[in-house]
Structure formats: structure tokens, C-alpha cells
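**Q** Mind having a look at this structure? Questions to follow.
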Amino acid sequence: MIKTEKVLHLKSSRGRKVRVVREHYLRERVPCCSCACQAACDNEGKLLPDDLTHYVVPDVGVVVDYLEVLEFRELQGIIFTQTSCQAVQHSKGRRQYNRLRNLLKDPRHDCVLFANEFQEYSYCPREKGESQDKWQSRCVYSAAVWYFNHLAGLMDIVMITDDQEAVTRYSSLNSGVYVVSVQEYLQSFWPDLPAARELYVSVHQALQEKESEGKEGEFTEHLPPEVLEAGIKSGRYIQGTLNVSKHRAQSEAFIRTEDSSNKSTGSWGVLVSGDKNRNRAMHCDVVVVELLPKNEWRGKTSTLTEAQGEEKSGEGGDSQPLPTGRVVGILQRSWRDYVVTFPPRDGTQPQSRNSQRILAVPWDHRIPKIRISTQQADALQDHRVMVRIDSWESSSLYPNGHSVRVLGRAGELETEVQTILIENCIHVPPFSDAQLKEMPVSSPEKPWQVDPVQVAERQDLRDTHLVFSIDPKGCEDVDDTLSVRSFADGKLLELGVHIADVTHFVREGSLTDLEARTRATTYYLADRRYDMLPAVLSADLCSLLGGDDRYAMSVLWELDAQTLAVNQVWFGRTIIRSSYQLHYELAQALLHGERVEVAELGQLGSEEKEVKLSELTQALETLTHVARHLRAQRDRGGALELEGVEVRAQLDEGGNITALVPRQPLEVHETVAECMIYANHWVARKIQESFPHQALLRYHPPPRQEFFSQLVESAKAGGYTIDTRTNKALADSLDRAVDPQDPLVNRLLRMMTTQAMSEALYFSTGAQSVDQFYHYGLALDRYTHFTSPIRRYADVVVHRLLSAALAAEGGAGPGRASSSNKELEEMAQHINNRNRAAKQAQKLSTELFQCLYFKERDPQTDQRCVADAVIYSIRDNGVLVFVSEYGVKGPVYLKNREGQVVAAAPDGSCEWQSGSVRRFSDHISTTSGCGTSTFRLFDHVTSSHS
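Here it is, written out as C-alpha cells:
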């Protein structure tokens, strides 16, 4: 080991430059992380394969500016130097540095980190008068030469750079070490990867445009970090997350602070009004704001806008002034991939000789227009393009970005589906060959069979239990099955919930596990799904299909047949064979005593069929009886019966939408749900008791009282009283708020209750106090997700925790969880984010198909465009309505942009006339030459859709 010194030029907290000299130790043996190593390096973790034609070492500038190009999985054998990584950390900040670190840790990407500044023969001290750029390029080239020599010339090394001077200086110094430009490298070595070349060109153009920008200020400069930190500590400034209004994106945004009790901001946070006060902050950025003088405070707007939808609270009348502020700094950018549309050319867009600068319009209207430099402006008109933002200087009205890839023409189904995925940060590439190689073989020629070793280790329920599943029609990923039986001369019952044993096939830390953890959930869209696991598992070996032997994780309760009290509960691994694969409608029909065909009984004689059918029906009836008891228990604790808008797009064989079908509630839905809730609750108790600080649970905090305002006001207008003090009081008052003449009233009130709810979230038990474990909606002290491991990664984690708890009980395990509290909490936050994205993508997909359903229909001639609607909210210039037939919510304007109002004729037809609108708490009136028309809350109106 050799000791030397390293000189660093740093900035103090007050912004002054400081020269720091540190001891620096050099070593002869530093891991090379290559399978081609000839020197027996102490290599651990990821290794570069030895069957490549070359390794590539990117220069510092390439890593700093073109990291997203290097993220293509097709690019293999990439060596990131320590010099490059440190440059990213210092010049690009924590977000980009973490992106690079995650890339290096990800086993799906063929790249490694080389500590070149600690290697004795690759280290280059900076020479006097040498610029930083030239010194960094020399360090990277020295590392490339070291690799060629270290690997004894067995592997060619290619250094890629965007510095033509470096190409000239180093390209002919060493045979076997090639120095080429990034563009030449991509063209010569990766001719079949045009997407990487196009992305490089796009980023290169954006960097050139940034260099040529003027410096005249459009916005005020952000304050330095040390000033922001001091201001937050002193209370002068407020930190929070910027939420841009969905309906008034140009004028309204709110800063939601973590401390909702902050007296200076109130419960709503801080209003930021207008673009100038927003000061280049974008939706979801973590920002710092300064409050304006009280005489400049403003209120929320309560006028209907285009695409008006749901908000967390009711907006009654003119809003009172709210704390209003301006952004003085941004602590963390939330920039992601955005989808934009290139507008038709109007001749005013600036252009240069090689490219045109276009103001592209984001799909998400909460995002400002993004300036893109491109040579394809004409070809991309009316196309959707994925872009990334590079910068937003104070001298520019708009952020600058670059295009990544073209999605297709706007309005086409595949383009719109890809838009939904990208806007929700959903990346679901096909499973790689390496991941599929981890899968067990299952084919007609070589069918999968249970392992005799597993038969010996598991409880075999195949011949002792009547097991069946109840799922939606056409379900392929059957996670859960049920069983119920009577024994001990009818004095005891056994209820069983049997869940696919996914963790048997998905080893922790494997490539399949890593991909499942990254996706975190299966993404369901209206016409397709993107599985969390490969199809051989999700639709075959882990799917509890009828008649097939399958591995399961089971929970079995022994119940008193009379009181249904639990005598004992058993958890463990089992082998099951599902006898029936039922769908909800079929199961409900059997419970109603209807004569229906059960596919599994089709080949039996009439007598045997009757016996089997009677046995199945008896099991369903017993299950229903048990589920009613379980629901009644939770009801006594304050469980809420909530209502959502669920509508299914019915498609023909060509994928065209033929109908919008609202979900019909059946009791069997509740029966299955209660059994799953019961299993989740008991498993939560088990893992939390075994791992008090490292169990993954799910909690549902009580809603903030102000979110109930629309519910309370709407109910009051209908003559009902809603008590929101506790979940029990809320549930009871909702049960009483019933209009015998109109069941939609209670349904709407329950939908408003759902809208007011807080989000249920996963968490690690070590990150919350025990009193925070409570699930408000289900009225349970502990809850988790255990019953859907095929489609939820949280359930996979819970299965592993349950297995570890059972192994520790039996003395076969270490008695500790595989993840620390910190690791588990980070994973929980990731899963929460992905679940949020999945839920939003499913909602947007349904809305897309609702639009497609009405797109080609003429409301003047097609009766399907006319439907009954119920008013559920009053606004200044109109009402919000719910159309139960199609599961659609939307605005109905009673005043248009020209100031005309809706005038209703005696025959029910409407037309626009000059007049006025008056809004009251429970109704809105329009007055015109035809007289006065009044629209009240919960009135039924006829709506036309186009």
C-alpha cells in the first residue's frame, strides 16, 4: 500500500472555496470484476462476462451527460470508473448519483464499478495547471489501459468519449485500447440498436441548445441551499411538496406540508397562485416557500373547468383566503419521463439550420410546455413522444428537454396505452432469457410434477379437503382457494384459506425476484394485463387451477360449529388439488338453488353429479354462514362498507369495445373477501408477534375531518346527518342515510366517503408505534396482504416472513427476518408507489375505453349516448353528475364561456340563452327569458355523452 495526497477544492457552507488536502492510499490489488481475470482478483458480486468482444469504459463527460444511453440493457461490459462516479455526484446531484448507483447494483445490467483512483498503476495525480476535464479523461484512459494489461490482452477495451481532443490524443497510443466518439461507437458496434443512437442525438442537441441560451431573467433565482435550510429552521420558510391543481393547472398549486398542524399554513397548506410565484417548480417537487403578506392571500376557485373530476373535499361557495406564498427554492426535483404531443407548425417556432425548437405540449396538463430541439418536427406533428427534461434556467419561460422515443400517432389505442404506462412510470419489458432460465420446466412433452421431497415435508390435503376457487370469469392467475368441512360429529368446523406458494418457485435475490420486486404488482388495464411474474408461474404452476396438484401456503381455523369461535389456528405449507374452479356468478347461482352447469361435473352420471353438486352447494352455504359471522364481528368494531365506481369494458374478439358493464354486487363477492380479510388479519398477527420490528403490515389512518366536508354538506342537503367522529359512528350514520325511493342516494354518499378516505399503506412495524397499526376501514388492529402473491410483491414478502416465523417455531430457522427495519420500510415505500401507479393506470385505462365507446357515436341519433344521471355536487357554474349505467362522473355546465345559461323548455329540452346563474348550498338556479330552472342535489337529470 502506498500513501499519497489528494487535493480537493470544496465549498464551505457559506459558499467560500476551500482547499483540502487528504491522505490517499493506493493498492496494487483492486478487484477488476471480470470473469476474464488472469490475476486471481478478489472479485465479489457482479462480474463482467468473458465471452464479449470488448469491454467499454465511458469517459467522465459521457457518464455525466449520457447516462440514460448507457442504461440500455443491450450495452454489455460497461466499466464505470470511480472518477466518473464522483463527477456525477458532484455535478449532477444526489438524484442522478443514486440512479447510477442503482444501475451498478442491478444484476440485470451488465456493468461494474472500478476503483481506479485506489489502484496503484491506474491512479493519475493531477498535474499543475491541468484542467479538470483533461485530468479526468487521462484518469479514465489510464484505467482502460490498466484493464487491457491486467487481462493480458485477452479483451479489447474501448474508451468512449464526446471530447474530440481526447480521441485525437489517445486513439493511437496503445494497441488493444481504442478511443472513439460515442456516436461512432454506437454506429459501429451497435448498428441494430437505433433507439440508443436516436437518444444520443436527442441529448446531444439538447446540450448544444442549452449552451446557446441567453441569460436574461424570466424568473427570480432560487436561494442557495444553506439559506433555505436556515430559513426552514427559523420558521421564515416552509418546506413541502408542490401539488398542481388538476383542474386549474395554470393558476393554482398547493404546498402540502408534512406537519398538518402548522398554525401558519392551516390544514390546507399553502396556496401558490400563478406561474411566477411557482418559480419553475413542477408537480411533486419538494420546494421551499415564503408566505406573502396577508393582504395578498387568495382563496380556492370553485368554478367548473374542463375535465372536472373528483377532489378530496367539497368546495362550497367562495373560498376563504388561504395562506398564499411563492417558491424561493427547490430541494428535490421529481422529474420523470413525460409524454408530449408535437403541435401543428404555425410558422412561429424558432429553428436553426440543423434542428427546430418546438414547444411540446405534455399529456399531463399539470406540466408546463417543454422546449424540445429536433430535426423531425414536421414528421412528428400530432404524434406522442416520450421526453425527458434536462434543465430549467431562470432565463427561460419553459424547461428544456430532449426526446427519447416516438410512441405513435395520438388517438391510436397502442399509443394511448403506452402513454398511460409512461405517465405512471410503469416499465414492463418482456421477461429476459436469464429470468426465464430460472423457471421450472412445464410443457406438454415434459409436464411439471410435485416433488416427492415436498410431499414428505408438506401437509397433503388432496384427498381430505374439498378445495375450490371463486374468481371473476376468465381468471388465469388463481391466487386463492377455499375449503370448509364439518367434523367431530358436527360440533366443529374447519375453515381453510389456501394461497399459491409463490416463494417456493421464486428464490429471494434471484433475477425473477428482483424483477417482481421492481414491478411490485401486476398491472391490470381494461384490455390487457402486465404480469409481475412470468406466465409459467402466474398462469400455470402457481395458479391454483382446477384438477391440478399445486403447492400452497394454508391457514386452517378450527371453529366451534355453534358460536364460530376460534379454538385453534394452523399455518403451514400444503399440497392441494382444487376440485372446482368457479366464477362468481356461478357460485351465486348455486347458492340460490338454480339449476346450472358445473364444468367439472359434466362427465359424471346423474346420480353421482347430484351427490357432488349437493356437497359443493353445502360447502358454499357453510362458507357464506361463516363469512356473515366474520362481517358482523367487524361491523361491531366499526368496519365501513364503502362504494367505488367499478365498470368493465366488454370487448369483442378484435379488441373493440362493445359495452360498458358496471360491476354487479353479489353476496359471494363479500363471502370470498371476508375469508381473505380473515386470513390476512391472522397472518398479520403471526408475523408481527414473531418479528415485532421487521414485519410488513398494512395500515389505514383515519381521514382528516376536512375531507368529509362534501359528504357532510351533501347529506345535510338531503336531510341526512353524517357523524364522522369515529369509523363506527360513520358506518352507522351511512346505514341510516337511505332514501327508500332512490337507492342511488346512499350509494353516492358511500362514494363520497370513499373519496374522503386516506390511502391504505404498507409499512415496516419498526417504523411505526403500535397504536398506528390500526386499519380504519376494516376495523382491525393488525392487517397485511397474504392472499395474492401472484400479483402483489407485498404478499411475497409476507409469505417469506411467515415461513421464517414457522421455521423459527420448529427450530429449523434463525428466528429473524431477512430484511432490516430500514430495508423493509424502503421496500414498503416502493410498493406503495407502484400500487398507486397501478391504480391510476387502471383508472385511466377504463376512462380511455369509456371515451372510445362514445367516440364514434352520435348523441343525436344513438340512444346509448343518453342516460340517467344524478347530481352529487354543486359548483359556481354547473353541477357534477354520476351516470350509474356507465360508471361515469363528470361536469354539466349551466353557464358557457360566452356567458349564456341553460334554459329548460317544458318538454325537457335545453338550449343556451342569455341569463344568470345563482348558486346555493343545495341547489343552483338559472334564470333566462324562458323562466327559472332549478337543479338540486340528488336530482335525476338526463345527460348526453359525446
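Okay, so the sequence shown: first residue is 94 according to my numbering, each after it adds one.
From the three backbone atoms N, C-alpha and C, an ideal C-beta is built for every residue, glycine too.
1) Between residue 856 and residue 772, is the Cβ-Cβ spacing less than 7 Å?
2) Can you name, in chain order, every residue of its own chain whose Cβ lies under 8 Å from the Cβ of residue 824, other than the five neighbours on each side?
3) For the region 550 to 569 and the region 665 to 680, state whether three or more C-beta atom pairs, one from each stretch, are separated by less than 8 Å.
4) Report the rounded CA-to-CA distance for residue 285 versus residue 167, giving the unit in angstroms.
5) Determine the extent of the alpha helix (DSSP H) in which residue 757 is found, giving its start and end residues.
6) Could you check what DSSP says for residue 1033 in three-state terms: helix, strand or coil?
7) Classify residue 485 as buried or exposed, calling it buried when 16 or more other Cβ atoms lie within 10 Å of its own Cβ.
8) So what does DSSP say about residue 313, is it helix, strand or coil?
9) Figure out for me which residue from 618, 637, 614, 619 has the closest Cα to the Cα of residue 626.
10) Between residue 256 and residue 172, what straight-line distance do the alpha-carbon atoms span, to the nearest angstrom?
11) Once the 5 residues before and after residue 344 are set aside, which same chain residues still bring their CB inside 7 Å of it?
12) Buried or exposed for residue 619, please, with buried defined as at least 16 other CB atoms from any protein chain shown within 10 angstroms of its CB.
13) At 3 residues or longer, what runs of the beta strand (DSSP E) sit wholly inside the region 469 to 543?
14) Output the distance between the C-alpha atoms of residue 236 and residue 217, rounded to the nearest integer angstrom.
15) Distance check for residue 985 and residue 1034, CA to CA, integer angstroms please.
16) Leaving out five residues before and five after residue 977 in sequence, what residues of the same chain have Cβ atoms less than 7 Å from its Cβ?
17) Count the other CB atoms within 10 Å of the CB of residue 183; is the residue buried (16 or more) or exposed (fewer)?
18) State the CB to CB distance for the pair residue 675 and residue 689, rounded to an integer number of angstroms; the pair is presumed to be in contact (CB under 8 Å).
19) Alpha carbon to alpha carbon, how far is residue 301 from residue 227? Give it in angstroms, no decimals.
20) Using beta-carbon positions only, say whether residue 174 and residue 136 come within less than 7 Å of one another.
21) Measure the C-alpha to C-alpha separation of residue 377 and residue 1037 and round it to an integer number of angstroms.
22) Can you name, in chain order, every residue of its own chain whose Cβ lies under 7 Å from the Cβ of residue 454, other than the five neighbours on each side?
23) Does DSSP put residue 1022 in a helix, in a strand, or in coil?
24) Could you pull the DSSP bridge partners for residue 167 from this structure?
25) Grouping DSSP H, G and I as helix and E and B as strand, with all else coil, what is residue 604?
26) Which word fits residue 833, buried or exposed, when buried means at least 16 other C-beta atoms lie within 10 angstroms of its C-beta?
27) Can you tell me which of the three DSSP states residue 945 falls into?
28) With respect to the beta strand (DSSP E) encompassing residue 564, which residues constitute its N-terminal and C-terminal limits?
29) Does the beta-carbon of residue 239 have 16 or more other beta-carbons within 10 angstroms, so that it is buried, or is it exposed?
30) Which one of 597, 648, 499 has the shortest CA to CA distance from residue 532?
31) Got a sec? Which residues, its chain only, sit under 7 Å from residue 753 by beta carbon, not counting five neighbours each side?
32) Just how far apart, CA to CA, sit residue 831 and residue 1019?
33) Would you call the CB atoms of residue 736 and residue 829 closer than 7 Å?
34) Decide if the region 567 to 580 is in contact with the region 635 to 647; the criterion is three or more beta carbon pairs, one per stretch, under 8 Å apart.
35) Short check: CB of residue 374 to CB of residue 420, under 7 Å?
36) Starting from the N-terminal side, write out each stretch of the alpha helix (DSSP H) that is 4 residues or longer and does not extend beyond the region 793 to 845.
**A** Here's the rundown:
1) no
2) 728, 731, 732, 733, 734
3) yes
4) 10 Å
5) Unbroken run through residue 757: none, as it is neither H nor E.
6) strand
7) buried
8) coil
9) 614
10) 18 Å
11) 366, 367
12) buried
13) 476 to 484, 493 to 502
14) 9 Å
15) 10 Å
16) 755, 837
17) exposed
18) Actually they are not in contact, since the Cβ atoms of residue 675 and residue 689 sit about 10 Å apart, beyond 8 Å.
19) 20 Å
20) no
21) 36 Å
22) 433, 434, 436, 462
23) coil
24) Note: residue 167 sits in no beta bridge, so no partner.
25) helix
26) exposed
27) helix
28) 560 to 564
29) buried
30) 597
31) 740, 742, 943, 946, 979, 980
32) 29 Å
33) no
34) yes
35) yes
36) 802 to 810, 820 to 829
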